[in-house]
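Visitor:
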Amino acid sequence: MSYQNFFRDVDTPLADEIDGLSKLMYQLRESRREILTRYAVDSEEALLDAIHGARLAEHPAYDDYLSARQLQQQFLAVRDEMTLSLEKA
7 MSYQNFFRDV DTPLADEIDG LSKLMYQLRE SRREILTRYA VDSEEALLDA IHGARLAEHP
67 AYDDYLSARQ LQQQFLAVRD EMTLSLEKA
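Residue numbering for the sequence shown follows my numbering, beginning at 7 and increasing consecutively.
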């Protein structure tokens, strides 16, 4: 199935829901990536290790660590919601 035809047989409210979830997933993923990139790490765990190892100042790095974790948790929740929506399509 091509991308152009993906929504052809999907009800408009469901298509709008999928579109909105897709955009939200993108925003969450990119916001998390932006935080991690700021510290040149690829995961929340690596950021926390850098804080514990005193390679980064605790503030604001720890606040950013918490933000990145929350963004990832939200991303996973939205991804689960997206899976359910796609099953309806």
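Quick reminder that beta carbons are idealized off the backbone N, C-alpha and C, glycines included.
1. Mind checking alanine 67: buried by the 16 CB within 10 Å criterion, or exposed?
2. Count the C-beta pairs between the segment 53-69 and the segment 28-36 that are closer than 8 Å, then say yes if the count reaches three, no if not.
3. Please tell me whether leucine 3 and glutamate 87 are closer than 8 Å, where the distance is taken between their beta carbons.
4. Hey, tyrosine 71 and glutamate 50: beta-carbon distance below 8 Å or not?
5. With a threshold of 7 Å on Cβ separation, who are the neighbours of serine 73 within its own chain once the five nearest residues in sequence on each side are excluded?
6. In angstroms, rounded to a whole number, what distance separates the CA positions of lysine 94 and glutamine 79?
7. Distance, Cα to Cα, phenylalanine 81 vs methionine 31?
8. Apart from the five residues on each side of it in sequence, which residues of its chain come closer than 7 Å, Cβ to Cβ, to leucine 77?
Guide: The short version:
1. On the sequence shown, residue 67 is found 61 positions in, with the first residue counted as 1. Alanine 67 should be labelled buried.
2. no
3. Residue 3 falls outside the range modelled here, since the chain spans only 7 to 95, and no answer is possible.
4. The residue labelled residue 71 in the question sits at position 65 within the sequence shown. The residue labelled residue 50 in the question sits at position 44 within the sequence shown. Contact: yes.
5. Walking along the sequence shown from the start, residue 73 turns up at place 67. Excluding residues within five positions, the ones whose Cβ falls inside 7 Å are Ile41.
6. Residue 94 sits at position 88 when you count from the first residue of the sequence shown. Residue 79 sits at position 73 when you count from the first residue of the sequence shown. Each residue's alpha carbon lies about 23 Å from the other.
7. Here residue 81 corresponds to residue number 75 of the sequence shown, with the count starting at 1. Here residue 31 corresponds to residue number 25 of the sequence shown, with the count starting at 1. So the two alpha carbons sit approximately 6 Å from each other.
8. Within the sequence shown, numbered from 1, the residue matching residue 77 stands at position 71. Around leucine 77: Leu34, Ser37, Arg38.
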